[in-house]
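Single-structure report; data block below.
Number of protein chains: 2
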Amino acid sequence: MTSAMNWYEDAAVDNSVILSSRIRLARNVRKYLFPARIKNEDAAKLNLTMYNALINERTVLVDAFTYYDLTDAPESLLNELLEQHVISRELAKKKASRSLLANARDNVYIMVNEEDHIRIQTIFPGENMEKAYDMADKIDNLIEESVEYAFDGNFGYLTSCPTNTGTGLRASYMLHVPILAVSGKLSSIAQAMTKFGMAVRGIHGEGSESLGSIIQVSNQLTLGKPESDIIAGLKNVTQQVIEQELHLRQKWIADDHDGLLDRCYRAYGLLKNCRRITAAEALGLLSDIRLGYVSGLFDKPRPSKTIYNLMMDVQPWSIQKLTRKAANEAERDVLRAGYLNEMFC
Amino acid sequence: MTSAMNWYEDAAVDNSVILSSRIRLARNVRKYLFPARIKNEDAAKLNLTMYNALINERTVLVDAFTYYDLTDAPESLLNELLEQHVISRELAKKKASRSLLANARDNVYIMVNEEDHIRIQTIFPGENMEKAYDMADKIDNLIEESVEYAFDGNFGYLTSCPTNTGTGLRASYMLHVPILAVSGKLSSIAQAMTKFGMAVRGIHGEGSESLGSIIQVSNQLTLGKPESDIIAGLKNVTQQVIEQELHLRQKWIADDHDGLLDRCYRAYGLLKNCRRITAAEALGLLSDIRLGYVSGLFDKPRPSKTIYNLMMDVQPWSIQKLTRKAANEAERDVLRAGYLNEMFC
């Protein structure tokens, strides 16, 4: 699932508060029952239709797609895809015919027979919401050449959960906000966000903690506004979060330069030398290091991977895959430490 | 006060639980009032007598002594000597004519006009109590050629504080007991010790915490037993403490080898990379590193100084002297970090 040119290796991922820009479109096909009730043979047919639409047909897309039948996929693959934000918890858990189409750059995923029949997801490094939306829109049009979507003149796109009905759009930014996190301001920001119809979540989406000081900001409302307004609203509130983070960061650097420097170098010393480490501690230390690089405080050479990529790599199933060793939690802590030791020079 | 061959650079200091073996003899001169009441001109005369006895006279001693008049010594020098265990708190505070005679190897000190007229102190690396006592005894005899000691046929040597009367001897071992410290067993050991007439103290003697997991074990009783019995008793209880430490250490290594290894390497990572650090934290990390070297877990090259020497160097007045910069506490934390960063390769 990784290649030399995957999106999270783009330098833009490591150079600002915004780690990534994401678009998700939820679509359903008129002629099948919704996923909660679809017959398994219809689900299998839909897998095939999507395979043909994106792989067998000549398309306008440059990207080549790979098809993954997840129907009987091993749990380790599903968990790894979940950690990498490629599939949702729902798709990972579901016991039915389902599939995933992914491109080589790891930034376009189409989930088939998840909560909705079709979910198109695009991810671009840094602030690139327009590109993410354009790509999703192209895929959407391409798929529509092969299927008729469930669409209502009044409501718009129909979805399994009414909160997605209308545009079926969820736009989201992943943000790295270490100073907001350490100053305990995230919960009041999250509260304020809901007033604007936006949600703030931890690194793994709904209900997850903000490990590594990473939050996801996304629209909650999908109905009654065109896509461009939804995205503009998200950009607006995201910009306010970024400004708060950068303002506090400048203040902190002015007030306690030595302390922040110490924090970055200690994180480096631990990542370079620890002999066992949990995913949660590693994420926290990587967050300190990223802050050091972004703020220009930390002058050690950057590792060969982006810090955000390392943040994904240190998660349990990913570390297991990367080190090619089946392991229990204690063994993974040792493998993770070894992996991180080598990443920093 | 430091030279290339000072005692704490001996490899023996870093190779066992015992860091050092120390002897202190308390003596007073018959013809002067005890230090609490001595006239300042008599104190000055005693300084001169001692100077002549150890420096001007041809002696049986190989070592050359240096004379320090501490009467008007700057506070920084007194604090540094205190941190290095060269002088006592009493001598550092006293506002009167007083002096110190020290040899080049930094292992023989004679304090003049402290709590007693004369205190002879000898320090040897590792387990070397016999050598320490022999050296103190030689100095004692040498001084007795120049002065008549206050001595009573029944009580023995008379001292300012009755707890030192008799032999005037305090023998002590400095022990590095990281596992006993972390298992919280030190206070029960200290309690048991008092039954045997022994005392356990922290790194800076009476009332100090056991920073860096270093304790001092010494005899409390000085009366009614010959010197050899006092020393034999101390050796006996010290051996029991050492056995407990080594037993728990073996058990810990067997139970949690990875955890202990991780602890050593993390300490290394922090000492090598931190940008500011307090003396207390530095002592704790140096203790972890020393445990790593002694137990053979830690395979990085040793620093050019012994860990125990570094433990002395990181203390506030020593770091100030070593870096040759006047500094407040915050600045010292930065200087200390820089000093430690360079000590490890």
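Protein chains in written order, with my numbering: chain F, 1 to 345; chain G, 1001 to 1345.
Ideal Cβ placement from N, Cα and C applies to all residues, glycine included.
With 16 other Cβ atoms within 10 Å as the buried cut-off, status of residue i
i       : result
F/P162  : exposed
G/S1003 : Its pLDDT being 44, under 50, G/S1003 is placed unreliably in this model, and the value from its coordinates should be taken loosely. It is exposed - the Cβ of G/S1003 has fewer than 16 other Cβ atoms within 10 Å.
G/L1261 : buried
F/C345  : exposed
F/G292  : buried
G/E1115 : buried
F/A53   : buried
F/K358  : Residue 358 of chain F lies beyond the residue range present for chain F, which begins at 1 and ends at 345; the question has no answer from this structure.
G/A1011 : exposed
G/H1247 : exposed
F/D72   : exposed
Residue i, enclosing beta strand (DSSP E) - first and last residue
i       : result
G/S1020 : 1018-1027
G/R1201 : 1198-1201
G/V1112 : 1108-1112
Start and end residues, alpha helix (DSSP H) containing residue i
i       : result
F/A190  : 186-195
G/T1238 : 1227-1255
F/S76   : 75-83
G/K1045 : 1040-1051
F/Q320  : 316-323
F/L285  : 279-294
G/I1055 : Segment: none, G/I1055 is in no alpha helix (DSSP H) and carries neither H nor E.
F/E331  : 329-343
F/L211  : Note, F/L211: premise wrong, no alpha helix (DSSP H); not H, not E.
F/Y308  : 307-313
F/E90   : 89-93
G/E1130 : 1129-1144
Contact under 8 Å by Cβ, residue i with residue j
i       : j       : result
F/R24   : F/R170  : yes
G/S1099 : G/L1070 : yes
F/M135  : F/V108  : yes
F/E9    : F/T306  : yes
F/V29   : F/H85   : no
G/I1120 : G/D1140 : yes
F/T165  : F/L223  : yes
G/W1252 : G/P1125 : no
F/S21   : F/M193  : no
G/S1213 : G/S1287 : yes
G/L1077 : G/Y1308 : no
F/T167  : F/G184  : no
F/A190  : F/S218  : no
F/N328  : F/N273  : no
G/L1221 : G/C1264 : no
Close-in-space but distant-in-sequence residues of the same chain around residue i (CB under 6 Å, 5 per side omitted)
i       : result
G/R1276 : D1333, V1334, A1337
F/I242  : V17
G/R1249 : I1179
G/I1038 : Y1032
G/F1196 : V1237
F/F65   : L54, I55, L101, N103
F/Q216  : S172, M174, R201
Counterpart residues of residue i in DSSP-defined beta bridges
i       : result
G/Q1216 : G/M1174, G/R1201
F/R119  : F/A26, F/M111
F/F124  : F/S21
G/N1103 : G/F1065
G/L1169 : G/L1025
F/F151  : F/Y157
Same chain, Cβ closer than 7 Å to residue i, neighbours up to 5 away in sequence not counted
i       : result
F/T323  : L335, Y339
G/L1048 : none
F/Y67   : Y51, I55, S99, L101
G/G1284 : G1212
G/S1097 : N1040, A1043, A1044, N1047, T1071, N1113
Cβ-based neighbour list, residue i, same chain, cut-off 8 Å, excluding 5 preceding and 5 following
i       : result
F/M1    : Residue placement at F/M1 is flagged as unreliable, the pLDDT there being 42, under the threshold of 50; the coordinate-derived value follows with that caveat. Taken in chain order, the residues that qualify are E80, L81, Q84, V86, A102, D106.
G/M1350 : Nothing can be reported for residue 1350 of chain G, as the shown portion of chain G is limited to 1001 through 1345.
F/D313  : K305, I319, L322, Y339
G/S1295 : R1249, I1253, L1260
F/A36   : S160
G/N1015 : G1126, V1294
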